[in-house]
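For reference, the structure is listed below as structure tokens.
Shown next, in the form of structure tokens:
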């Protein structure tokens, strides 16, 4: 019963935060600029276009009516038109989203596959070399400018070792030679489904560098949190009991202790996905990765305000949703219930 | 009598300070980070005096020396206009530290009074202020900073302001937590009983007792803020050319870096080193000021 109440409360808070985020973006786009209509249609717009935008955005109406209109537009998915392509921002988001999701998915897998074992082994050998490495790695990963890591990896693996491609999602030659079916819109999934090994290999090799770049931060975070959660659990009585039964240490650590630390890991993972999404803004353009990160990076340079706002709203909404999920996962853990 | 008491408190404070320095020195990594921060501040103060900046920022161009690899004369090589990358990286130290300190300062100015008021007065005011912080924390900080900086117009001042607006809720939360517990203490109740105005209690009794956790949080944040400024500049939303800002330098180097690795590597290393040093120091300070995590 208590859990249910908490979840309802948390959902209401989430809704309130969503509403607040919409209010902030409204202020940013419509209230703070000295001439919102002119900003919204760009510097090269004619006076007639500005006049038209004033009516379209409802800027000639009182402020609360403007807000109601803004809110309704958002609900119906009307995010305005990109200044550069003249296309609806919502459609562009839909085209640019799959590549970004693929990257985030890959980096999350890396965070689980590398971060958890690193954290477990650091906890097993507390204050030994690996533990120090783990600490240094996680502080280092938070301190690294991701855009610089991207350039550095390109220098090493493209320029100096010539092992991996510089950027893009697929080699032009392969794109011309083979037909890649479009089942899902996700290139990696489509290439897997096509079963063509040349294509799979090429798509994968294009993915490695950007995925590793944005995975550094979640790997460090997951390793660190897994370590500290495990250390706490390892001092508990049931672990002592398991050990005194004579169970193998590996079994105690990986089966009995790790299971109870997974709640922490999942929470951290959910939060770090939000950060990873924003990190793609800095990294994708370097790898010519056609996702929403590249989209907002070009929009920022061209001061394409509708596009910037579209990505901002999308990212904030996903972040809030991820936070909500993390909190509900914690609430479902029976040990946390009061 | 009064003087005596004053001396006594001073002595106690000094003893505590000595103990903190002792703890700081015992942790080798934190000690190194501490010296690193001091070195950075020295560079930030001395270099712009030794190298008058306008000469080296935009006038010191030399087309015949463009994109030279590192040598004895140019330890970090030269950039596409023939400027010395080493000098520009050194000059960038002041810009990064300055903007980060000002941004954190503004965030503290907004966040701290709000947190103290929320915690001390409680009730509706508390609820209202804390829900506003919830909304701001609904954005990843870099995302909010990008959106604000883009709409205010791309320059370094606006980037600072944008970061401050994205960061203040953290300080509000910390101060509120402290204020809630401090207001139950005897000395606050006593001040209240003799009729001290509420606002005076907040600023004279509650706030000064929140300083320690604030220092830790602020010093941990400086690293993140420097990284955010560099990221904004990299995207084109912060410092504008020809300012020798590290993020901007890495951004410009993108067109040349495949044949001039030094151009992007060194400014990036400067960002990494600075952020790392502040993060390690913040981590160490937390251990020192929070006895619960202190190692024996």
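Chains as they are written, first to last, in the working numbering: chain U, 574 to 911; chain S, 149 to 444.
Backbone N, C-alpha and C define an ideal beta-carbon position, used for all residues, glycine too.
Using CA coordinates, which residue listed in 783/U, 869/U, 622/U is at the minimum distance from residue 679/U? 783/U
Completely contained alpha helix (DSSP H) runs for the region 671-730 of chain U, where each covers 4 or more residues: 689-697, 702-716, 719-727
Closer than 9 Å at the beta carbon, the chain S residues around residue 593/U: 279, 280, 282, 283, 284, 286
Against chain U, does residue 217/S count as a neighbour if the rule is that its beta carbon must be under 8 Å from one of theirs? no
By a C-beta neighbour count over all protein chains shown, 10 Å radius and 16 as the cutoff for buried, is residue 306/S buried or exposed? buried
Does DSSP put residue 791/U in a helix, in a strand, or in coil? helix
Taking only the alpha-carbon atoms, compute the straight-line gap between residue 363/S and residue 577/U and give it to the nearest angstrom. 39 Å
Beta carbon of residue 181/S nearer than 8 Å to that of residue 428/S: yes
CB-CB under 7 Å to residue 767/U, same chain, minus the five flanking residues each way: which ones, in chain order? 753, 754
For residue 770/U and residue 683/U, the rounded distance between their alpha carbons: 22 Å
Given that residue 298/S touches chain U, what residues does it touch there, using C-beta distances under 8 Å? 873, 876, 878, 881
Just to make sure I have the definition right: I need the residues of chain S whose C-beta is within less than 8 Å of the C-beta of residue 605/U. Which are they? 299, 300
Tell me, which residues are paired with residue 226/S by DSSP? 232/S
Below 6 Å CB to CB, which residues in the same chain sit around residue 419/S once its five sequence neighbours on both sides are set aside? 378, 394
Option in 864/U, 854/U, 757/U with minimal Cα separation from residue 292/S: 854/U
Are three or more beta carbon pairs between the region 888-898 of chain U and the region 577-590 of chain U nearer than 8 Å? yes
Provide the residue span of the alpha helix (DSSP H) that contains residue 642/U, from first to last. 636-648
Paired residues, beta bridge with residue 411/S - DSSP: Answer is none; residue 411/S lacks a bridge partner.
Assign residue 619/U to one of two classes, buried (16 or more other C-beta atoms within 10 Å of its C-beta) or exposed (fewer than that). exposed
Cβ shell of residue 443/S (< 6 Å), same chain only, five flanking positions each side left out: Its pLDDT being 45, under 50, residue 443/S is placed unreliably in this model, and the coordinates cannot settle the point.
Kindly list, in the order they appear in chain U, the residues whose Cβ is closer than 8 Å to that of residue 428/S. 712
Could you name the residues of the region 717-744 of chain U whose beta carbon sits closer than 9 Å to any beta carbon of chain S, in the order they occur along the chain? 717, 718, 719, 720, 721, 722, 724, 725, 727, 728, 731, 732, 733, 739
Taking residue 749/U as the reference, give the member of 772/U, 801/U, 638/U with the closest Cα. 772/U
Run through chain S and tell me which residues come within less than 7 Å of residue 715/U, C-beta to C-beta. 427
Taking CB distances under 8 Å as the criterion, tell me whether residue 623/U reaches chain S. no
Just to confirm before moving on: does the CB-CB distance between residue 672/U and residue 742/U stay below 8 Å? yes
Establish whether the CB of residue 581/U and some CB of chain S are separated by less than 8 Å. no
Can you tell me whether DSSP reads residue 442/S as helix, strand or coil? Because residue 442/S carries a pLDDT of 48, less than 50, the predicted location of this residue cannot be relied on, and no value is offered for it.
Who are the neighbours of residue 589/U on chain S, taking C-beta pairs under 8 Å? 279, 282, 283
Distance CB(residue 245/S)-CB(residue 195/S) smaller than 8 Å: no
Rounded C-alpha distance that separates residue 311/S from residue 285/S: 13 Å
When the Cα atoms are used, what is the spatial distance from residue 162/S to residue 360/S? 15 Å
Is the Cβ of residue 765/U closer than 8 Å to any Cβ of chain S? no
Applying a beta-carbon distance threshold of less than 8 Å, which residues of chain A neighbour residue 189/S? The structure shown contains no chain A; its protein chains are U and S.
So residue 847/U contacts chain S; which residues on that side make the cut at Cβ distance below 7 Å? 288
Chain-order list of residues whose beta-carbon lies under 7 Å from that of residue 846/U (same chain, five-residue window excluded): 677, 681, 895
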